[in-house]
Amino acid sequence: MTTESSSVACRQSLPNSASRCHCARSTTTTFSRATAVTDETRRHLRADFEGGRVREAVLAPNAILSTPCSEVDPRSPETLALAADLVETMQASPGCVGLAANQIGVGQRVFSLDVSQHPKTRTSHGRFVLCNPVLEQATRNEKAREGCLSVPDFTGDLKRATRVTVRGWVPGSGAEVVITTDAYEARALQHEIDHVNGLLFLDRVAGAHAIHVRQTYL
Numbered sequence: 004m005t006t007e008s009s010s011v012a013c014r015q016s017l018p019n020s021a022s023r024c025h026c027a028r029s030t031t032t033t034f035s036r037a038t039a040v041t042d043e044t045r046r047h048l049r050a051d052f053e054g055g056r057v058r059e060a061v062l063a064p065n066a067i068l069s070t071p072c073s074e075v076d077p078r079s080p081e082t083l084a085l086a087a088d089l090v091e092t093m094q095a096s097p098g099c100v101g102l103a104a105n106q107i108g109v110g111q112r113v114f115s116l117d118v119s120q121h122p123k124t125r126t127s128h129g130r131f132v133l134c135n136p137v138l139e140q141a142t143r144n145e146k147a148r149e150g151c152l153s154v155p156d157f158t159g160d161l162k163r164a165t166r167v168t169v170r171g172w173v174p175g176s177g178a179e180v181v182i183t184t185d186a187y188e189a190r191a192l193q194h195e196i197d198h199v200n201g202l203l204f205l206d207r208v209a210g211a212h213a214i215h216v217r218q219t220y221l
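In terms of our numbering, the sequence shown opens at residue 4 and continues consecutively.
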């Protein structure tokens, strides 16, 4: 996932997935207070993902982006190396706050996330990587604009829950974690879980009217 104002060049053709839009409009609601982040959750999520390399981003309509990803062994060295590559690539990509494995050509259920520096963030668990994520609870829908590293020329307006609970496993330690969060981090988590389920934000918008050419900032 990228911020809606990331600096990119613009082309005018929509990826094929824009023709599969199916989400209905919804009334905007907001969550009134920040969600507490427990020390235990922070401790489990804290990990050093060093030695990663920057990988090339896969762009829509590449078929790997529309294919559900496979589960992984979170303790395996290969998963830990993948996590390091995700973090390194995310950090090297301007405006990128989340990156799924299939966005760098690996069809596995792993993603990195870090919304801590985004101005719309209310609750943040810092930088982390999650394996085999499961969205367990989602409430209070809100419509907002999203961008994506794999869809560099467009952004979209779509509804997502403003409060979620997600279960997953940490690469390396294999620790099971349950993350409850809200606002922008909740949206980013749903965006990345969609990726590992083979969905782009273009599959969620209500129609072509909700897709916008991304602005370029020099």
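The C-beta atom is built at its ideal place from N, Cα and C for all residues, glycine as well.
Taken in chain order, the whole beta strand (DSSP E) runs of length 3 or more contained in the region 124-180 are 131-151 and 154-172.
Taking all protein chains in view, the Cβ of residue 90 is crowded by 16 or more other Cβ atoms within 10 Å, so the residue is classified as buried.
Here the region 114-129 does not lie against the region 75-83, with fewer than 3 beta-carbon pairs under 8 Å apart. Of the residues assessed, residue 51 falls on the exposed side of the cut-off, its CB having fewer than 16 other CB atoms within 10 angstroms. Between residue 171 and the set 183, 134 and 147, the nearest pair of CA atoms involves 134. Residue 147 is positioned such that its CB atom lies closer than 9 Å to that of residue 163. With respect to residue 154, residue 204 sits close: the two C-beta atoms are nearer than 9 Å.
Of the candidates 97, 66 and 126, 66 places its Cα closest to the Cα of residue 105.
With respect to the C-alpha of residue 125, the residue from 207, 185 and 174 having the closest C-alpha is 185.
Take the alpha-carbon of residue 176 and the one of residue 54: they are about 17 Å apart.
In the DSSP assignment, residue 197 forms no beta bridge with any residue. Under a 10 Å Cβ-count criterion, residue 193 is classified as buried, with 16 or more other Cβ atoms of the shown protein chains found around its own Cβ. Boundaries of the beta strand (DSSP E) harbouring residue 113: 113-116, taken from the DSSP string.
When the beta-carbon positions are compared, residue 213 and residue 161 come within less than 9 Å of each other.
In the three-state scheme derived from DSSP, where H, G and I count as helix and E and B as strand, residue 50 is classed as coil. Each residue's CA atom was taken as its position, placing residue 209 and residue 159 some 9 Å apart.
Residue burial is scored here from C-beta neighbours: residue 127 has at least 16 other C-beta atoms within 10 angstroms and is therefore classed as buried. Residue environment analysis places residue 109 among the buried positions, since at least 16 neighbouring C-beta atoms fall within 10 angstroms of its C-beta. Within the same chain, Cβ atoms closer than 8 Å to the Cβ of residue 132 are found at 50, 52, 86, 89, 90, 113, 114, 115, 116, 173 and 174, the five residues on either side in sequence being excluded. Straight through space, the alpha carbons of residue 206 and residue 123 are spaced by roughly 24 Å. In this structure, the alpha-carbon of residue 156 lies about 26 Å from that of residue 165. Inter-residue distance for residue 74 and residue 200 is about 11 Å (C-alpha atoms, whole angstroms). Taking C-alpha positions only, residue 4 is separated from residue 102 by approximately 6 Å.
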